[in-house]
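Written below as C-alpha cells is the structure these notes are about.
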Amino acid sequence: MNTSTSQALFEKAQQFIPGGVNSPVRAFRAVGGTPIFIKSAKGPYVYDEDGNEYIELINSWGPMILGHAHELIQKAVSDAIQHSFSFGAPTRREVEVAELIVEMVPSIEKVRMVNSGTEATMSAIRVARGFTGRDKIIKFEGCYHGHGDSFLIAAGSGAATFGTPDSPGVTKGVANDTLTAPFNDLDAVRQLIDSNKNKVAALILEPVVGNMGCVLPAEGFLEGLRKICDEEGIVLILDEVMTGFRLAKGGAQERFGIKPDLTTLGKIIGGGMPVGAYGGRADIMNWVSPAGPVYQAGTLSGNPIATAAGLTMLNYLNDHPGVYTQLEESGKRLADGFKASLQKLSLNYTLNQIGSMYTLFFTNQQVTDFPSAKSSDLVLFGKYFHAMLNKGIYLGPSQFESMFLSTALTDKHLDMVIQANEESLKEVLNLH
Ligand code: PLP
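The C-terminal position of the sequence shown is numbered 1652 in the numbering used here, with every residue numbered one higher than the one before it.
Quick look at the structure:
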C-alpha cells in the first residue's frame, strides 16, 4: 500500500504541530508507523491522501453513527451557512435542540450546550461542586472524561496509551481533589467515601467505558453507585459523551435503567461538528449562570452551524428507531464472527462488545477494569492494527479504545471486517 503522501505530510506536520497531530492518539505512536492523513469520507469508507480506501470503524471516535457525509446533515449544514456562521446570541434552533435532548434523555430536565465533551465534564463537576458545597470528586481508573485538569488522574484513552495517566501540569491541589477507584469495585467506592465523609461533590463515570477499550459495568454496579450517591448526597454524573445516543436513543442510562443527576454529552450530539452538552436535574442545572451563581460561558456555544448538524442528527435518531435495531444486529454479527474465528484459531482473547461498540483485547483475562485491560499484549495489538490497515480496515490505533460501528456498514462490510480479522490474527501469530 502506498502511503507516501501521508508520510510526507506527517514529516512536515511534526515541524509545526507538537508530535505532528492535534490530538495525541492520532499519531500512531502506540502501534508504530506513521498516521494516514484523511482526505475525505463517505458512508462506511474513509479515503487517505494517497487514494487508499478503508472501511471505517473509528467514525471520528463516535460521532458518525450514520456513516460519513450523511445527506440530511450535509443539507442542514449547507442551509445553515447561508445565514452566517455565528451570532453569539440566542437562536431558535438552540431551543429546539434542548427540547429534543430533554425528550430523548428523560433524566435531563435542563441542558446547556458547550463546544466539546471536555467542556461538558469540566462544567458538570463545577456545578456539582457549587450545588453541594463540596470539593472532591470520584472518578474511575481508566475512564477518560476529556482533558480538564481534574480528570487527568488515572485517565484512560490517549493518556493511558501514552503512559501518562497523570499529566504534568496538573497542580497537586487539583489532583488532591480527585479520588480514584477501580471500575466495577463498589467496595472501593464505599471506602473512599467513608474516609472522605461529606467531602465528595460528585461521582463521575462512563457507564460503559470506551476509553480503556470497551468495558461493561458488572451487574449491580451502576445501581450500587446510584444507591451510594443517594445515601451520601453525592451528584451522580454519567459521562455519556461516547454512549449517548449510541447504545440507545436515551444512551446507556436508558439501556441499564439508571437515572443520573447529571449527564454529559458530546460526539453524536454535534453530528460531527464540535459540540458538547451537560444537563440533568433542574434544581442542579438552575445553579448555572445566569440562572444561578456557577459561572460557565462560551463565545461559540450553541453555534448555529453545529446546532443545525446536531439537531438534524438527533431528529433522525429520534424518528428512526430502526437505527438502533440495525446497530444491535451489526454488533452481534461482528461479535459472532470474531468469536467463531477465535475459536477456530484456538485463541482465548477477550472480546467485549455491546451494541455498536467493541474491543478485541489481546489478553486471555476477562477485561472488567483498567488492570485487566492493561494485561493485553500491546506489541501484538500494534502488529494486528497494521495488518488490518493493510487489508483496508481502519481501526483506532490503540488497544485502549473502543471501535464504533455506523449504520452505513452493511453485512457485506461487516463480513469483510470479520475475514480481515481472522487473516490478521493468523498473520501476526504465524498460524498457518
Ligand atoms: N468523555 C468521554 C467519555 C469521552 O470519550 C471523551 C472523548 O473521547 C470526552 C469526554 C472528551 O470529549 P472531547 O474530546 O470532545 O473534548
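Note that beta-carbon positions come from the ideal geometry of N, C-alpha and C, so glycine has one too.
Among Val1317, Gln1586, Gln1235, Ile1454, which residue has its Cα nearest to the Cα of Ala1526? Reading the sequence shown from its first residue, position 306 is the one you call residue 1526. It is Val1317 whose Cα lies nearest to the Cα of Ala1526.
Is the distance from the Cβ of Pro1617 to the Cβ of Val1251 below 8 Å? For the purposes of this step, residue 1617 is taken as residue 397 along the sequence shown, with counting starting at 1. For the purposes of this step, residue 1251 is taken as residue 31 along the sequence shown, with counting starting at 1. In contact: Pro1617 and Val1251 (Cβ atoms closer than 8 Å).
Counting only runs of 3+ residues fully inside the stretch 1253-1287, write out the beta strand (DSSP E) ranges in chain order. 1258-1262, 1265-1268, 1273-1276
Does the pairing of the stretch 1350-1364 with the stretch 1411-1430 give three or more beta-carbon distances under 8 Å? yes
Name the two residues that bound the continuous alpha helix (DSSP H) containing Met1533. Counting from 1 along the sequence shown, the entry for residue 1533 is found at position 313. Where Met1533 is concerned, the enclosing alpha helix (DSSP H) stretches over 1524-1539.
Given Glu1642 as reference, the closest of Lys1559, Ala1593, Thr1627, Ser1622 once Cα atoms are compared: One-based indexing of the sequence shown puts residue 1642 at position 422. Ranking the options by Cα distance to Glu1642, first place goes to Lys1559.
Nearer than 7 Å: is that true of the beta carbon of Asp1459 relative to any heavy atom of the ligand PLP? By 1-based counting over the sequence shown, the position of residue 1459 is 239. For the ligand PLP, at least one heavy atom lies less than 7 Å from the Cβ of Asp1459.
Between which residues of its own chain and Leu1534 is the CB-CB distance below 6 Å, once the five residues before and five after are set aside? Stepping through the sequence shown from its first residue, residue 1534 is reached at position 314. Closer than 6 Å at Cβ, skipping near neighbours: Leu1320.
Please work out which residues of its chain come closer than 7 Å, Cβ to Cβ, to Val1508, disregarding the five sequence neighbours upstream and downstream, and give them in chain order. Taking the sequence shown and counting its residues from 1, the one referred to as residue 1508 is at position 288. The residues are Arg1332, Val1347, Val1514, Gln1516.
Can you have a look at Leu1467 and say buried or exposed, based on whether 16 or more other CB atoms are within 10 angstroms of its CB? The count along the sequence shown starts at 1 and reaches residue 1467 at position 247. Burial call: buried.
For a test of your reading of the model: does the CB of Met1462 fall under 7 Å from any non-hydrogen atom of the ligand PLP? Yes or no. Locating residue 1462 in the sequence shown gives position 242, counting from the first residue. Flag set: Cβ of Met1462 near the ligand PLP.
Could you tell me if the beta carbon of Tyr1544 falls within a distance shorter than 7 Å of some heavy atom in the ligand PLP? Here residue 1544 is taken as the residue at index 324 of the sequence shown, counted from 1. Tyr1544 Cβ: outside cutoff for every heavy atom of the ligand PLP.
Check each candidate in Ser1561, Ser1592, Ile1574 and name the one with the smallest Cα separation from Phe1581. The count along the sequence shown starts at 1 and reaches residue 1581 at position 361. Of the listed residues, the one whose Cα sits closest to Phe1581 is Ser1592.
Under the criterion of a Cβ to heavy atom distance below 7 Å, does His1365 qualify as lining the ligand PLP? Within the sequence shown, residue 1365 is the residue found at index 145, counting from 1. Checking the Cβ of His1365 against the ligand PLP gives yes.
How would you write the range of the beta strand (DSSP E) that Gly1499 sits in, first residue to last? Numbered from 1 along the sequence shown, position 279 holds the residue referred to as residue 1499. Its beta strand (DSSP E) spans residues 1496-1500.
Sorry if obvious, but does the Cβ on Trp1507 come closer than 7 Å to a heavy atom of the ligand PLP? Stepping through the sequence shown from its first residue, residue 1507 is reached at position 287. Trp1507 Cβ: outside cutoff for every heavy atom of the ligand PLP.
Nearest candidate by alpha-carbon position, reference Pro1255, set Ile1448, Ala1261, Arg1246, Lys1262: To locate residue 1255, count along the sequence shown from 1; it is residue 35. Of Ile1448, Ala1261, Arg1246, Lys1262, the residue nearest in Cα terms is Arg1246.
Enclosing alpha helix (DSSP H) for Ala1348 [first to last residue]: As a working note, residue 1348 is residue 128 in the sequence shown. That run of the alpha helix (DSSP H) goes 1337-1352.
Straight-line CA distance for Met1342 to Gly1433? As a position in the sequence shown, residue 1342 is number 122, starting the count at 1. As a position in the sequence shown, residue 1433 is number 213, starting the count at 1. The straight-line gap from Cα to Cα measures roughly 22 Å.
Burial state of Met1221, where buried means 16 or more other Cβ atoms lie within 10 Å: For the purposes of this step, residue 1221 is taken as the residue at position 1 of the sequence shown. Met1221 is exposed by the Cβ-count criterion.
Check whether the Cβ of Glu1426 lies closer than 7 Å to any heavy atom of the ligand ZN, and answer yes or no. Absence of the ligand ZN is noted for the structure shown, with the ligand PLP being the only ligands found.
Taking the continuous beta strand (DSSP E) assigned at Lys1603, which residues delimit it? Residue mapping note: residue 1603 aligns to position 383 of the sequence shown, counting from 1. Where Lys1603 is concerned, there is no enclosing beta strand (DSSP E), although the alpha helix (DSSP H) it sits in stretches over 1598-1610.
Return the CA-CA distance between Lys1447 and Tyr1614, expressed in angstroms with no decimal places. As a first step, residue 1447 is located in the sequence shown; it is residue number 227 there, counting from the start. As a first step, residue 1614 is located in the sequence shown; it is residue number 394 there, counting from the start. Rounded to whole angstroms, Lys1447 to Tyr1614 spans 41 Å at the Cα level.
Sheet register partners of Arg1332 (DSSP bridge): What you label residue 1332 is simply residue 112 of the sequence shown in a count that begins at 1. Note: Arg1332 sits in a beta bridge opposite Tyr1498.
When burial is assigned at 16 or more other CB atoms within 10 Å of the CB, is Ala1511 buried or exposed? Residue mapping note: residue 1511 aligns to position 291 of the sequence shown, counting from 1. Classification for Ala1511: exposed.
Gly1579 CB to nearest heavy atom of the ligand PLP below 7 Å: Taking the sequence shown and counting its residues from 1, one reaches residue 1579 at position 359. The question names Gly, yet the displayed sequence has Thr at residue 1579. No, since every heavy atom of the ligand PLP falls outside the 7 Å radius drawn around the Cβ of Thr1579.
CA-CA distance, Lys1552 and Gly1464? Looking up residue 1552 in the sequence shown gives position 332. Looking up residue 1464 in the sequence shown gives position 244. Cα to Cα, the separation comes out at about 20 Å.
Backbone secondary structure at Lys1417 - three-state DSSP: As a first step, residue 1417 must be located in the sequence shown, where it is residue number 197. Looking at Lys1417 - three-state DSSP - the assignment turns out to be coil, as it is neither helix nor strand.
Return the CA-CA distance between Ser1550 and Arg1475, expressed in angstroms with no decimal places. Numbered from its first residue, the sequence shown carries residue 1550 at position 330. Numbered from its first residue, the sequence shown carries residue 1475 at position 255. Spanning the two alpha carbons is a distance of roughly 17 Å.
Hey, would you say Ser1377 sits closer than 8 Å to Val1394, going by beta carbons? Mapped onto the sequence shown, residue 1377 falls at position 157. Mapped onto the sequence shown, residue 1394 falls at position 174. Going by C-beta atoms, Ser1377 is not nearer than 8 Å to Val1394.
CA-CA distance, Asn1404 and Ser1626? Here residue 1404 refers to the residue found at position 184 when the sequence shown is read from its first residue. Here residue 1626 refers to the residue found at position 406 when the sequence shown is read from its first residue. Rounded to whole angstroms, Asn1404 to Ser1626 spans 28 Å at the Cα level.
Could you check if Thr1583 belongs to the surroundings of the ligand PLP, using beta carbon to heavy atom distance under 7 Å? Walking along the sequence shown from the start, residue 1583 turns up at place 363. It does not: the Cβ of Thr1583 is nowhere closer than 7 Å to a heavy atom of the ligand PLP.
Say the cut is 7 Å; is the CB of Ser1377 nearer than that to a heavy atom of the ligand PLP? Along the sequence shown, read from residue 1 onward, the residue named residue 1377 stands at position 157. Because some heavy atom of the ligand PLP lies under 7 Å away, the Cβ of Ser1377 counts as near it: yes.
Taking only heavy atoms of the ligand PLP into account, decide whether any of them is closer than 7 Å to the Cβ of Gly1471. The sequence position of residue 1471 within the sequence shown is 251, counting from 1. Flag unset: Cβ of Gly1471 not near the ligand PLP.
Which residues DSSP lists as bridging Tyr1614, in chain order: Residue numbering aside, residue 1614 sits at position 394 when the sequence shown is read from its first letter. Looking at the DSSP assignment, Tyr1614 forms a beta bridge with Glu1276.
Selection from Arg1501, Gly1518, Thr1630 that minimises the alpha carbon distance to Lys1330: Looking up residue 1330 in the sequence shown gives position 110. That would be Arg1501, whose Cα lies nearest to the Cα of Lys1330.
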